[in-house]
Amino acid sequence: MLMSFIGEPPAVLSPLPANEAERLRATRAYEILDTPPEPQFDAITRVAASLFKVPVALIALMDGDRLWFKSRLGLEIPQLDRKLAFCAHAICHAHELMVVEDLAADARFAGNPLVAAGPQVRFYASAPLVGRDGLAVGTVAILDTQARSFPAADRAALADLAIAVMTALEGHKRNRQLRRSASTDYLTGAANRAAFDLALKTSIDRCADGGAPFALLTLDLDHFKHINDTLGHGAGDTVLREVARRMRALCRAGDLVARVGGDEFALLVAAPSDPQRAALVADEILLQMGDPVPLADGTTVHVTGSLGIACCPRDASDPRGLLEQADRALYRAKHHVPPRLGSVRPAAGTPAQPPVVAANDPARAERCGACAEGVSPPFAISMAFQPIIDSRSRSVFAYEALVRGPAGESAGWVLDKVTARNRYAFDQSCRITAIRLAAQLGLPDRGASLSINFIPGAMYEPRNCIRATLAAARKYGFPLDRLIFEVTEGERVNDEEKLREIFAVYAEHGFRTAIDDFGAGYSGLSLLSEFHPRIIKLDMGLIRGIDRDPARLAIVRGVISMCQEMGIVIIAEGIETVAEYRVLVNLGVCLHQGYLFARPAFEALPDVHYPELSADAV
9 MLMSFIGEPP
19 AVLSPLPANE
29 AERLRATRAY
39 EILDTPPEPQ
49 FDAITRVAAS
59 LFKVPVALIA
69 LMDGDRLWFK
79 SRLGLEIPQL
89 DRKLAFCAHA
99 ICHAHELMVV
109 EDLAADARFA
119 GNPLVAAGPQ
129 VRFYASAPLV
139 GRDGLAVGTV
149 AILDTQARSF
159 PAADRAALAD
169 LAIAVMTALE
179 GHKRNRQLRR
189 SASTDYLTGA
199 ANRAAFDLAL
209 KTSIDRCADG
219 GAPFALLTLD
229 LDHFKHINDT
239 LGHGAGDTVL
249 REVARRMRAL
259 CRAGDLVARV
269 GGDEFALLVA
279 APSDPQRAAL
289 VADEILLQMG
299 DPVPLADGTT
309 VHVTGSLGIA
319 CCPRDASDPR
329 GLLEQADRAL
339 YRAKHHVPPR
349 LGSVRPAAGT
359 PAQPPVVAAN
369 DPARAERCGA
379 CAEGVSPPFA
389 ISMAFQPIID
399 SRSRSVFAYE
409 ALVRGPAGES
419 AGWVLDKVTA
429 RNRYAFDQSC
439 RITAIRLAAQ
449 LGLPDRGASL
459 SINFIPGAMY
469 EPRNCIRATL
479 AAARKYGFPL
489 DRLIFEVTEG
499 ERVNDEEKLR
509 EIFAVYAEHG
519 FRTAIDDFGA
529 GYSGLSLLSE
539 FHPRIIKLDM
549 GLIRGIDRDP
559 ARLAIVRGVI
569 SMCQEMGIVI
579 IAEGIETVAE
589 YRVLVNLGVC
599 LHQGYLFARP
609 AFEALPDVHY
619 PELSADAV
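Here this note's numbering is used: the first residue of the sequence shown is 9, the next is one more, and so on.
In structure tokens:
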């Protein structure tokens, strides 16, 4: 190794570019300082050392008072005092190579400890790393202990390496931004549901391994829909952003604020110093909520909320259990305990109260209360099952449950019997029937999921109405994470806030949500942006004849690209020909449903046909 000894820095400061403040901001915007080694950068320093036959090659970023090496070959130290750095001179000329063929003969560097003592470096050459804004953030540099010439061809090659480094730097920056975007709620800047789920699991795992306990706080805004309805969605967005900001302001390092639903937030309070800290944070949040929120038009709006607290491992030691306990506490706070703060364990002498449906409509309360003990079917129904296949593994990904009459009558025959009065009981009994039949047919043992259609308008209070589904899954041993609930895009969504709440509640329990018949209904792309489904099913109207219709092909290709960026899984349904199947496989769609593979089987899991494709289908 070269340069294991550095010596004292010179008394004279190295030069500073005129735009140093801007240059520093640009450097730090890459978020790469002090990151671990990465292969794409190390490969460039290896190429540089081999190409120019030098003992030292560096990729260096200039921070405020140091030169930090993202990649280094032939050098032991990870960074260098800026006063010693030759690169401090190089970055002052953002568009020029700096070549010193004999450092000892250059008045600027002859007294530098790197030249006069220690390693006695004699040759230096670097190309600046210049961002799109024209600012030099560092250099790719080579050094030698022998003075040497550096012809034009070598200079051109070094400049090319700088371009390669900048390409890698931009890629690093873009990947960091994408990861942040994937884990951040686009509206509030808080963590999103996916980031929260991961953080919750990580905290629980750390606690199980002997780490510190932590608390989960769940916050639900009161009457938020009224703000949207009376003041507009712009005002509602302002409120959500401000609530997230106030919650973040109360956080310590290690705490996490997340928006987990439309007007629902969660806060992970890391390692509370005493059992009361979480309650103190909750009290402070509720106090902050009392301050009016200023709106863009100069007016203000008052917002209130309710909080629930659950602690790990005291109240639960798994994600689902802890969320259920926090939600139970939240509903107790929302309906029974002033000042709108609840915990899993009420104070001594205070009887625990179950969640109550807040409604002045007796009929609505009666409907919501019915699902606590199960739901009686309004008329006899059964189910047929159709597989959704995975073309990669040639296996069944899921079976969709399709409603039928008791003797196999069609779905239309059944749906003709559904009225506004029995719609709730029908929706609930469809879920229970589908789970029961699927379990009896051994579907869980096959490793496949079960997809069930639901009626959004039949869900009056999602957290209550889901009870019968949870009870059926427990009774028949059906894993919750293998249940998919589909809502048809073709059904006009009259209460978007309610559907958003349904999707959020389902996600809390581990269910996956899907938009069925995508491309056939009223809502289109707004459903994706508003409700963040896990899955969409392309309508058969887009699939039919896609191998012969350039317009359909272009639309589907665009939907696939968009869903890939959003992390949404695509299922193509209604496939009837091998030609349609081949086009979709070549477009990258892996999940398929249609008569080509199997027709629905009444009260049975049908055999599946996997068509053979030519070698060009990948």
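Note that CB positions come from ideal geometry on N, CA and C, so glycine has one too.
Proximity to residue i [Cα-Cα], best of the options
| i | options | result |
| --- | --- | --- |
| Thr196 | Leu186, Pro414, Asp271 | Asp271 |
| Lys61 | Ala68, Ile67, Thr53 | Thr53 |
| Ile576 | Ile583, Glu584, Val567, Gly582 | Val567 |
| Leu621 | Arg400, Thr427, Thr43 | Arg400 |
| Leu208 | Gly244, Pro321, Ala243 | Pro321 |
| Asp205 | Val591, Ala220, His231, Gly269 | Gly269 |
| Ala580 | Ala341, Phe526, Ala479, Pro608 | Phe526 |
| Leu478 | Ile440, Phe462, Gly450 | Ile440 |
| Asp555 | Ser390, Ser569, Glu109, Val593 | Val593 |
| Pro619 | Thr307, Gln87, Asp217, Tyr603 | Tyr603 |
| Asp213 | Asn120, Pro327, Cys319 | Pro327 |
| Arg201 | Ile544, Pro300, Thr226, Ala243 | Thr226 |
| Asp73 | Glu39, Pro23, Ala115 | Pro23 |
| Ala606 | Ile510, Leu258, Pro395, Leu507 | Pro395 |
| Tyr132 | Ala125, Asp114, His600, Thr43 | Asp114 |
| Ser314 | Glu588, Ala337, Gln333, Ala324 | Ala337 |
| Tyr339 | Asp453, Pro470, Ala409 | Pro470 |
| Phe434 | Ile463, Arg444, Pro452 | Ile463 |
| Glu417 | Ser390, Val495, Leu491 | Ser390 |
| Leu451 | Phe519, Ala144, Phe486 | Phe486 |
| Gln572 | Ile544, Asp557, Glu584 | Ile544 |
| Phe49 | Ala266, Leu177, Glu28, Ala392 | Leu177 |
| Arg260 | Ala286, Glu588, Ala26, Arg267 | Ala286 |
| Val251 | Asp237, Ala96, Ala266, Thr238 | Ala266 |
| Pro121 | Val108, Leu92, His103 | Leu92 |
Those residues which DSSP pairs with residue i across a bridge
| i | result |
| --- | --- |
| Gln394 | Glu408 |
| Ala223 | Val277, Cys319 |
| His600 | Ile397, Ala580 |
| Val107 | Ala133 |
| Gln448 | Per DSSP, none; premise fails for Gln448. |
| Trp421 | DSSP lists no partner for Trp421. |
| Arg402 | Note: Arg402 sits in no beta bridge, so no partner. |
| Gln87 | Trp76 |
| Phe610 | Ala392 |
Beta strand (DSSP E) segment containing residue i, residue limits
| i | result |
| --- | --- |
| Val577 | 577-580 |
| Val265 | 264-267 |
| Thr427 | Thr427 -> no beta strand (DSSP E), and no H or E assigned at all. |
| Asn461 | 457-461 |
| Gly146 | 144-152 |
| Val591 | Counting along the chain, Val591 falls outside any beta strand (DSSP E), though it belongs to the alpha helix (DSSP H) covering 586-594. |
| Val64 | 64-70 |
| Ile543 | 543-546 |
Burial state of residue i (16 or more Cβ within 10 Å)
| i | result |
| --- | --- |
| Asn472 | buried |
| Thr210 | exposed |
| Asp524 | buried |
| Asp305 | exposed |
| Met574 | exposed |
| Arg90 | buried |
| Leu423 | exposed |
| His617 | exposed |
| Glu332 | buried |
| Ile171 | exposed |
| Tyr432 | buried |
| Pro359 | Bear in mind that a pLDDT of 35 at Pro359, under 50, signals an unreliable position, so the number given afterwards is only what the model happens to contain. The residue is exposed, with fewer than 16 neighbouring Cβ atoms inside 10 Å. |
| His101 | exposed |
| Asn183 | exposed |
| Leu613 | buried |
| Lys425 | exposed |
| Thr238 | exposed |
| Ala323 | The amino acid at residue 323 is misidentified as Ala; the sequence shows Asp. Looking at its Cβ environment, which holds 16 or more other Cβ atoms inside 10 Å, Asp323 is buried. |
Residue i, enclosing alpha helix (DSSP H) - first and last residue
| i | result |
| --- | --- |
| Ser211 | 201-216 |
| Ser58 | 47-60 |
| Gln572 | 558-574 |
| Asp524 | Segment 520-526 is the beta strand (DSSP E) holding Asp524; no alpha helix (DSSP H) there. |
| Ala476 | 475-483 |
| Phe232 | 232-239 |
| Thr35 | 28-37 |
| Cys95 | 95-98 |
Can you check the region 112-141 for any beta strand (DSSP E) of at least 3 residues that lies completely inside it and give the ranges in chain order?
-> Within the region 112-141, the complete beta strand (DSSP E) runs of at least 3 residues are 131-138.
**Asked** Which ranges does the beta strand (DSSP E) cover as unbroken runs of at least 3 residues, wholly within the region 290-338, from first to last along the chain?
**Response** 313-320
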